[in-house]
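A.B. asks:
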Amino acid sequence: GAGVSQSPRYKVAKRGQDVALRCDPISGHVSLFWYQQALGQGPEFLTYFQNEAQLDKSGLPSDRFFAERPEGSVSTLKIQRTQQEDSAVYLCASSLGGSSPLHFGNGTRLTVT
Amino acid sequence: DQQVKQNSPSLSVQEGRISILNCDYTNSMFDYFLWYKKYPAEGPTFLISISSIKDKNEDGRFTVFLNKSAKHLSLHIVPSQPGDSAVYFCAARGGGSQGNLIFGKGTKLSVKP
Chain A
1401 GAGVSQSPRY
1411 KVAKRGQDVA
1421 LRCDPISGHV
1431 SLFWYQQALG
1441 QGPEFLTYFQ
1451 NEAQLDKSGL
1461 PSDRFFAERP
1471 EGSVSTLKIQ
1481 RTQQEDSAVY
1491 LCASSLGGSS
1501 PLHFGNGTRL
1511 TVT
Chain S
14 DQQVKQNSPS
24 LSVQEGRISI
34 LNCDYTNSMF
44 DYFLWYKKYP
54 AEGPTFLISI
64 SSIKDKNEDG
74 RFTVFLNKSA
84 KHLSLHIVPS
94 QPGDSAVYFC
104 AARGGGSQGN
114 LIFGKGTKLS
124 VKP
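Going down the list, the sequences are from chains A and S.
Each residue of the first sequence is one higher than the one before, counting from 1401 in my numbering.
Each residue of the second sequence is one higher than the one before, counting from 14 in my numbering.
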C-alpha cells in the first residue's frame, strides 16, 4: 500500500540557498510530523500539524525553518538561507492521531556545502 | 538533557539467541512507549508499543517489557534472525493526544548467522 512519500530523496544546497522539502502523508492521516535526524542521533521533533493547523512548532531550530500544510494533506518544510548545521535527514511521519503509531517516510537527506 | 536514553550504541547476537535492547527514560509523564526499527536509507518502521498501564506486550518474536518504577523498558527478540539486523529506536510519548514522540539515539543490532 502507499506509505508516506518524501521528495527529493537527496538535496545538496550551497550555504545561503533556500530549500523546500515535500511530504505526501498516508491518505486519511490527520496528523503530520516533521523530524530532523542528525548523523548518529535519533529523530528530533520539529513541528506537528493536525489537518491544516500547525499545533506545535516548538522544535523548529530557528526562524529560518518554516512548515506548512495548507490543505491538510501535503506538507512542505522550507529552510531559508541554509547553514552547514542544517545538514541532516529530514523525516516526515503521519498518523491517524491519538495513540496511533507514526508512519515515517524514507526521509530527505540534506547536505549543505 | 536526554529524556529517552539508549546507553548501548551496538549489540551483537548469534542467530537463534535472544536479543535484549534496553531503554531508560526520565519523564514520569510519558504514557506510551514504542520501538521502531530502521534499515539504512529508510525511515523508521513501527515495531511494537506499550501503554504505561501495562508491563508487557507481546507480538510474535517481539516482546516489550515496561518497569515504571525503574523508568526502564526493554525489547526482547527471540529467536533472533539475521534480518533483524538494524538500528532500533526507543520512543516515548508525553501525556495528551498530540502523538509527538521523543526518541533515543538508537542501538545497532547485528545478528550473526
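Where is the CB? At the ideal position from N, CA and C, for every residue including glycine.
Model, not experiment: these values are computed from the prediction.
Listing by chain order, which chain S residues have their CB less than 8 angstroms from the CB of A:L1491?
C.D. replies: Here the question's residue 1491 of chain A lines up with position 91 in the first sequence. Those are G56, P57, listed as they occur along chain S.
A.B. asks: How about the stretch 1430-1450 of chain A and the stretch 1489-1496 of chain A: do they share at least three Cβ pairs that are nearer than 8 angstroms?
C.D. replies: At 8 angstroms Cβ cutoff, the stretches touch.
A.B. asks: How would you label A:N1506, buried or exposed, when you count the other beta carbons within 10 angstroms and need 16 or more for buried?
C.D. replies: Counting from 1 along the first sequence, the entry for residue 1506 of chain A is found at position 106. Per the 10 Å Cβ criterion, buried.
A.B. asks: Looking only at C-alpha atoms, which of S:E28, S:L79, S:S25 sits nearest to S:A104?
C.D. replies: Mapped onto the second sequence, residue 104 of chain S falls at position 91. The candidate whose alpha carbon is nearest that of S:A104 is S:L79.
A.B. asks: Tell me the DSSP bridge mates of S:D37?
C.D. replies: Mapped onto the second sequence, residue 37 of chain S falls at position 24. Its beta-bridge partners are S:K18, S:H85.
A.B. asks: Can you tell which of A:E1471, A:G1442, A:G1403, A:T1476 has the C-alpha that lies nearest to the C-alpha of A:F1465?
C.D. replies: Residue numbering aside, residue 1465 of chain A sits at position 65 when the first sequence is read from its first letter. Selected option, being the one with the closest Cα: A:T1476.
A.B. asks: A:E1485 by DSSP, collapsed to three states: which one?
C.D. replies: One-based indexing of the first sequence puts residue 1485 of chain A at position 85. If DSSP states are grouped into helix, strand and coil, A:E1485 belongs with the helices.
A.B. asks: Closest by CA to A:Q1483, which one among A:D1418, A:V1404, A:A1402?
C.D. replies: Taking the first sequence and counting its residues from 1, one reaches residue 1483 of chain A at position 83. Checking every option, the nearest Cα to that of A:Q1483 belongs to A:D1418.
A.B. asks: From the DSSP output, read off the bridge partner residues of A:D1463.
C.D. replies: Here the question's residue 1463 of chain A lines up with position 63 in the first sequence. DSSP, once it has assigned bridges, lists no residue as partnering A:D1463.
A.B. asks: Can you give the Cα-Cα distance for S:T58 and S:R30, rounded to whole angstroms?
C.D. replies: Here residue 58 of chain S refers to the residue found at position 45 when the second sequence is read from its first residue. Here residue 30 of chain S refers to the residue found at position 17 when the second sequence is read from its first residue. Answer to the nearest angstrom: the Cα atoms are 23 angstroms apart.
A.B. asks: List the DSSP bridge partners of A:Y1493.
C.D. replies: Taking the first sequence and counting its residues from 1, one reaches residue 1493 of chain A at position 93. For the record, residue 1493 of chain A in the displayed sequence is Ala; it is not Tyr. Beta-bridge pairing links A:A1493 to A:F1433, A:F1504.
A.B. asks: Following the continuous beta strand (DSSP E) through S:S23, name the residue where it begins and the one where it ends.
C.D. replies: As a working mapping, residue 23 of chain S is identified with position 10 in the second sequence. S:S23 -> beta strand (DSSP E) spans 23-27.
A.B. asks: Please work out which residues of its chain come closer than 6 angstroms, Cβ to Cβ, to S:Q15, disregarding the five sequence neighbours upstream and downstream, and give them in chain order.
C.D. replies: As a first step, residue 15 of chain S is located in the second sequence; it is residue number 2 there, counting from the start. Within the same chain, S:Q15 has no close Cβ partners at all.
A.B. asks: Do S:Y101 and S:L122 have their CB atoms nearer than 8 angstroms?
C.D. replies: On the second sequence, position 88 is the one that residue 101 of chain S refers to. On the second sequence, position 109 is the one that residue 122 of chain S refers to. Taking 8 angstroms as the Cβ cut-off, S:Y101 and S:L122 qualify as a contacting pair.
A.B. asks: At what residues does the beta strand (DSSP E) containing S:F78 begin and finish?
C.D. replies: As a first step, residue 78 of chain S is located in the second sequence; it is residue number 65 there, counting from the start. Per DSSP, S:F78 belongs to the beta strand (DSSP E) from 75-80.
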